[in-house]
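Asks: If you read the sequence shown in our numbering, its first letter stands for residue 10, the second for the next number, and so on. Provided herewith is a single structure, encoded as structure tokens, for subsequent inquiry.
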Amino acid sequence: MTNAKELMSAATTAEDSHLESMVRTSMLQQPVGTRQLWLRETELALDGYGGERNRALGDRVRDAIQRVSAGLGAG
Numbered sequence: 010m011t012n013a014k015e016l017m018s019a020a021t022t023a024e025d026s027h028l029e030s031m032v033r034t035s036m037l038q039q040p041v042g043t044r045q046l047w048l049r050e051t052e053l054a055l056d057g058y059g060g061e062r063n064r065a066l067g068d069r070v071r072d073a074i075q076r077v078s079a080g081l082g083a084g
């Protein structure tokens, strides 16, 4: 399962499609009832990273999460 730190690290170099694949894999590994919890925990973790660069990376991760969530019906 991928966590926010790994997603932030991947966001530095990964293409959007790879980032979305990481998010999708993580979400699908979650039991259906805990996907929203994973989303909230990831969002809180992304908020914890400070600095302008990290904010931009966090936005890339959030965008990937939104696209995947919309496709899975979890967002």
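Backbone N, C-alpha and C define an ideal beta-carbon position, used for all residues, glycine too.
Tell me which residues share the same chain as Arg76 and place their Cβ nearer than 7 Å to its Cβ, disregarding the 5 neighbours each side in the sequence.
Replies: Glu29
Asks: Tell me the residue span of the alpha helix (DSSP H) that contains Asn63.
Replies: 61-81
Asks: Beta-carbon within less than 8 Å of Met17's beta-carbon, same chain only, minus the 5 sequence neighbours each way: which residues are those?
Replies: Leu55, Tyr58, Asn63, Leu66, Gly67, Val70
Asks: Please report how far the alpha carbon of Ser26 lies from the alpha carbon of Pro40, in whole angstroms.
Replies: The straight-line gap from Cα to Cα measures roughly 23 Å.
Asks: Smallest Cα separation from Arg49: which of Thr34, Met31, Ile74?
Replies: Ile74
Asks: Does DSSP put Thr34 in a helix, a strand or coil?
Replies: helix
Asks: Taking 8 Å as the threshold (C-beta atoms), are Thr51 and Ala23 in contact?
Replies: no
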